[in-house]
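In full-length UniProt numbering, the protein residues as written are 1 to 95. Idealized CB from N, CA, C, for every residue including glycine. Notes for the one structure printed next.
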């Protein structure tokens, strides 16, 4: 069952990377779903207070960070207002 489990894990999770984004309390409240450039990065979910975001993206960390930095030009937040953490969540290669 080990080989089958690894194969299913690889197929299910291939090409998806999770990013957890925390907005500092001193920063402006921005709904990421109102910024088209952020929505284009992947599936966006956020808390009702807009202080914690999660983006499930097809981009690896380096490419995601470059695109995310560019996307912030369309809103009132800057990279210094955010704490971005790539998630290690059991996806293929992260175990």
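Notebook entry, point to check: Looking at the unbroken alpha helix (DSSP H) that takes in residue 36, where does it start and where does it end?
Noted result: 36 to 39
Notebook entry, point to check: In three-state terms, what does DSSP make of residue 52?
Noted result: strand
Notebook entry, point to check: Can you tell me where the beta strand (DSSP E) with residue 85 in it begins and where it stops?
Noted result: 82 to 86
Next item on the list: Closer than 8 Å by C-beta to residue 36: which residues in its own chain qualify, once you throw out the five before and the five after it? Chain order, please.
Entry: 74
Check: In whole angstroms, what separates the C-alpha of residue 39 from that of residue 68?
Finding: 10 Å
Notebook entry, point to check: Among 70, 78, 72 and 20, which has the Cα closest to the Cα of residue 43?
Noted result: 20
Item checked: Residues of its chain near residue 78, where Cβ-Cβ distance is below 7 Å and the 5 sequence neighbours each way are ignored -> 72
Margin query: DSSP three-state label for residue 26, please.
Written below: coil
Notebook entry, point to check: Do you know offhand how far residue 58's Cα is from residue 48's?
Noted result: 25 Å
Next item on the list: For residue 3, count neighbouring C-beta atoms within 10 Å of its own C-beta (all shown protein chains included) and say buried if the count is 16 or more, exposed if not.
Entry: exposed
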